[in-house]
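Below: the structure, in structure tokens.
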Ligand code: NAD
Ligand code: FES
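Residue numbers (my numbering): 225 to 518.
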């Protein structure tokens, strides 16, 4: 069993929890995720790791209480226990394997959209711990929904906060902020890492392609069971078929077919949609967890 050590409400419906999970804390890296199962009946919830402390043996997760399971998870309190906390899963961020000396030569911009700020944080912290200064944009719809701003300021060189309604920081979406940095403030970047809603990652990738900046995105939002079994997270990257939970979650944003992913995500929600996908995708569909191959 995995005990909740800390619980915080970061914003309306957005929760942070520290979980006692020493084995995961010792072996995880930024970019990876865990699967949480509350009890025997609970569904498997894949969540990107927000922070970890190998000495304390804790892993920090951040989640939005949206569906039945995450709403139930939000009712758990300090001292309560989760049945399963499986991980680390997925591939670590590609930055982790790069030589810090090479990373230091690059101008890197992280773009964190809404709840996507949580998985951005451990990557920026890793960069700081390895002597690399990076910039970070935190985008939210309004001031109430900004999370981890103070924590991010401790690890990034510059943090630019932008709100869609202008209630705090720069007014506009994350792309407006990127354009302002590049066109008005003379910033140059070699790499962008964008993590947030799929629609945001799509439009950031379109913009950075125009600007000629290589871009990495995290396709965590399309995962369902996170085990490579259900087939939900299938996506096209360049000419290849990939599975976000096994081959990712991070991919080259200029190669991801975002429109297909968003359409597929909608279809996957209904039994009829899953049956159509199974027929269309044949042997590469995977299937099993969703019931469509039974
Ligand atoms: P949101 O809808 O409030 O968007 C956050 C910010 O993204 C906005 O303020 C805006 O600046 C930017 N954005 C949105 N649409 C845009 C567009 N078309 N062009 C440019 N910028 C745009 O975000 P939220 O409600 O906090 O996000 C929830 C979503 O984040 C869920 O869908 C969840 O799956 C996803 N998420 C993704 C990851 C990941 O690893 N990629 C991790 C956690 C959550
Ligand atoms: Fe990747 Fe199910 S989430 S196959």
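Idealized CB from N, CA, C, for every residue including glycine.
Rounded to a whole number of angstroms, what is the C-alpha to C-alpha distance between residue i and residue j?
i, j, result
"residue 365", "residue 393", "11 Å"
"residue 436", "residue 425", "16 Å"
"residue 295", "residue 306", "14 Å"
"residue 308", "residue 261", "5 Å"
"residue 384", "residue 329", "21 Å"
"residue 511", "residue 497", "Caution is warranted here: a pLDDT of 45 is assigned to residue 511, below 50, making its placement in the model unreliable, and the coordinate value is therefore given only provisionally. Straight-line Cα distance between these residues: approximately 13 Å."
"residue 242", "residue 378", "19 Å"
"residue 297", "residue 289", "8 Å"
"residue 427", "residue 337", "12 Å"
"residue 227", "residue 286", "15 Å"
"residue 304", "residue 247", "19 Å"
"residue 473", "residue 293", "22 Å"
"residue 523", "residue 463", "A question about residue 523 goes unanswered here, because the residues of the chain that appear run from 225 up to 518."
"residue 351", "residue 360", "12 Å"
"residue 388", "residue 396", "4 Å"
"residue 431", "residue 399", "7 Å"
"residue 516", "residue 488", "Unreliable positioning characterises residue 516 in this predicted model, as indicated by a pLDDT of 36, which lies under 50. A coordinate reading is not provided."
"residue 409", "residue 454", "45 Å"
"residue 317", "residue 369", "26 Å"
"residue 271", "residue 448", "10 Å"
"residue 501", "residue 324", "43 Å"
"residue 403", "residue 382", "16 Å"
"residue 421", "residue 280", "31 Å"
"residue 439", "residue 348", "15 Å"
"residue 419", "residue 499", "30 Å"
"residue 342", "residue 477", "19 Å"
"residue 322", "residue 417", "15 Å"
"residue 233", "residue 278", "24 Å"
"residue 238", "residue 284", "13 Å"
"residue 401", "residue 386", "7 Å"
"residue 461", "residue 244", "36 Å"
"residue 458", "residue 314", "14 Å"
In the structure shown, what three-state DSSP assignment does residue i receive?
i, result
"residue 496", "helix"
"residue 457", "coil"
"residue 390", "coil"
"residue 358", "coil"
"residue 236", "coil"
"residue 403", "helix"
"residue 258", "strand"
"residue 411", "coil"
"residue 491", "helix"
"residue 385", "strand"
"residue 265", "coil"
"residue 513", "With a pLDDT of only 40 at residue 513, under 50, the local geometry of the prediction cannot be trusted, and no value is derived from it."
"residue 376", "helix"
"residue 518", "At residue 518 the pLDDT is 30, less than 50, meaning the model places this residue with poor confidence and gives no usable figure here."
"residue 241", "strand"
Look up residue i in the DSSP assignment and give the residues it is bridged to.
i, result
"residue 482", "Answer is none; residue 482 lacks a bridge partner."
"residue 271", "258"
"residue 395", "387"
"residue 363", "337, 386"
"residue 521", "The chain is shown from 225 up to 518; residue 521 falls before or after that span and cannot be answered."
"residue 503", "BP columns for residue 503 are empty, so no partner."
Shorter than 7 Å, the distance from the beta carbon of residue i to the closest heavy atom of ligand 3, or not?
i, result
"residue 448", "For the structure depicted, ligand 3 is absent and the ligand set comprises only ligand 1 and ligand 2."
If you follow the beta strand (DSSP E) that residue i is part of, which residue opens it and which one closes it?
i, result
"residue 422", "Looking at the DSSP string, residue 422 is not in any beta strand (DSSP E); the run it does join, the alpha helix (DSSP H), is 422 to 435."
"residue 438", "438 to 442"
"residue 416", "415 to 419"
"residue 449", "From DSSP, residue 449 is part of no beta strand (DSSP E); its letter is neither H nor E."
Grab the span of the alpha helix (DSSP H) containing residue i for me, first residue to last.
i, result
"residue 368", "Element bounds for residue 368: n/a, residue is neither H nor E."
"residue 471", "468 to 471"
"residue 249", "246 to 251"
Exercise for the section: Output the residue ranges of the alpha helix (DSSP H) runs that lie fully inside the segment 280 to 352 and measure 4 residues or longer, sorted by chain position. Expected result: Assignment of alpha helix (DSSP H) within the segment 280 to 352, counting only whole runs of 4 or more residues, yields 292 to 298, 324 to 328 in chain order.
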